[in-house]
Amino acid sequence: MPQKSPVYAVTRIRVHEKDMIKPETMARMAEAAPAEVMRLLGDMGYGGIPDPQLSDGERMIAKELSDAYALIKEVTFCPEKTDLFMLRGDANNLKLLIKRRLTGAGGSPALMTGVYSGEDVIRMVQNADYRELPEEFTKRLNALEQSFSGGIDPGRISAEIDRAYLEHCLKNASGPSLEYFRGLADFTNLLTALRLRDMGAGADKLKNSLMPEGYISHRLLMQCFDGAEEGMARAAAGPARERILKGLEEYGRSGRLTELERQRDNYLISLFKGARLAGGIEPLIGYLLGREQEAKCLRLIITAKRNDLPDKAITERLGELYG
């Protein structure tokens with residue numbers, strides 16, 4: 001029977017950290033031929049598939065992530081803190097299931113692991129009854145359900161659920177976790193502003209698309225949105241400011257957002273790197289985020305290899321690993 005104690009939990013996590021892909025191995029895979037990538041993954045037992053092929057990549061990643069989520073659920077001694085990160089799976093499932101219900105799509109969708117079981121989330125969506133969820137979700141989902149008679153807007157469904165998730169996390173997080181969600185909010189709002197401006201959208205569209213504030217105020221972001229392109233740097237604020245500026249500098253040169261996205265991923269994972277040797281809940285959260293970052297990097301590599309993209313397309317997007 002697992003012991004719900006910090007010592008037990010962190011010891012279990014330490015054991016599983018040894019199985020994570022090392023940065024030098026990930027870098028090697030980024031430059032390797034497709035067959036070599038899968039051989040390396042097969043040799044380390046990743047995904048539990050012998051002699052894997054590129055077509056097995058997503059199944060292998062899903063298996064590793066599922067095992068990581070199950071481990072955290074098993075050993076956490078503070079579920080109210082780890083659930084903030086697990087709840088992201090439920091948010092994605094809600095988006096998928098609500099859209100499928102409204103469009104009448106059939107089949108059995110592949111659901112992510114979250115705080116709630118897939119069966120429970122399916123029941124909630126089928127009955128349009130969200131009382132079991134945190135109050136931020138209940139409030140926004142009830143309002144969404146009432147609005148569907150006037151038409152279906154898939155983008156609004158996703159945005160409202162994302163807002164509910166961030167509102168809940170910003171309200172309940174503390175320490176590095178709070179910094180994580182503040183940073184996530186800031187990067188999300190900046191990326192949204194830049195994408196909308198590239199599309200030629202107006203300030204009203206941005207106002208309706210913003211997530212809750214982190215360190216960057218909505219008011220300042222709106223002012224920068226209407227100003228000169230180089231003025232977006234004025235919005236950079238908080239502990240992630242230097243990383244934001246690096247991403248904006250590259251965007252100014254190339255018009256691409258890939259560096260800002262990479263800086264986001266690197267900043268968020270960095271918040272828990274320093275805590276991996278601590279004895280609190282942070283090593284558990286860091287391990288989970290590390291596994292997610294690992295999966296994101298592998299998806300990038302496998303997708304690039306499948307589509308015969310140049311190695312540069314991988315390396316310029318590859319984020320830092322937790323290990």
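Position 189 of the sequence shown, counting from 1, maps to 189 under the numbering used here, and the rest follow consecutively. Where is the CB? At the ideal position from N, CA and C, for every residue including glycine.
*Note down, one range per segment and in chain order, each alpha helix (DSSP H) of at least 4 residues found wholly within the stretch 70 to 107.*
79 to 103
*Could you spell out where the alpha helix (DSSP H) holding Asn127 opens and where it closes?*
118 to 127
*Integer-rounded CB distance, given that Met60 should sit under 8 Å from Leu342*: Any answer about residue 342 is impossible in this case: the structure gives the chain only from 1 up to 323.
*Excluding the 5 residues preceding and the 5 following Ala313 in the sequence, name in chain order all residues of the same chain whose CB lies nearer than 8 Å to its CB.*
Ala304
*Any idea if Ile302 is buried or exposed, counting beta-carbon neighbours within 10 angstroms, 16 or more meaning buried?*
buried
_Boundaries of the alpha helix (DSSP H) in which Gln293 is found, first to last residue_ = 282 to 306
*Taking 8 Å as the cut-off, decide whether the C-beta atoms of Leu166 and Ala185 are in contact.*
yes
_Between Gly214 and Gly238, how many whole angstroms is the CB-CB distance? I'm expecting something under 8 Å._
6 Å
*List in chain order: all unbroken alpha helix (DSSP H) runs of 4+ residues lying wholly within the stretch 192 to 271.*
203 to 209, 218 to 226, 241 to 254
*Counting only the same chain and skipping the five closest in sequence on each side, list residues whose C-beta sits under 8 Å from that of Lys273.*
Gly286, Tyr322
*Whole-angstrom distance between Gly202 and Ala32, CA atom to CA atom*: Roughly 44 Å between the two C-alpha positions.
*Collapsed DSSP secondary structure at Ser149 in the structure displayed*: Looking at Ser149 - three-state DSSP - the assignment turns out to be helix.
*Go to Leu166, then tell me how far its alpha helix (DSSP H) extends in each direction, as first and last residue.*
154 to 172
_Between the alpha carbons of Gly45 and Ala35, how many angstroms are there, rounded?_
15 Å
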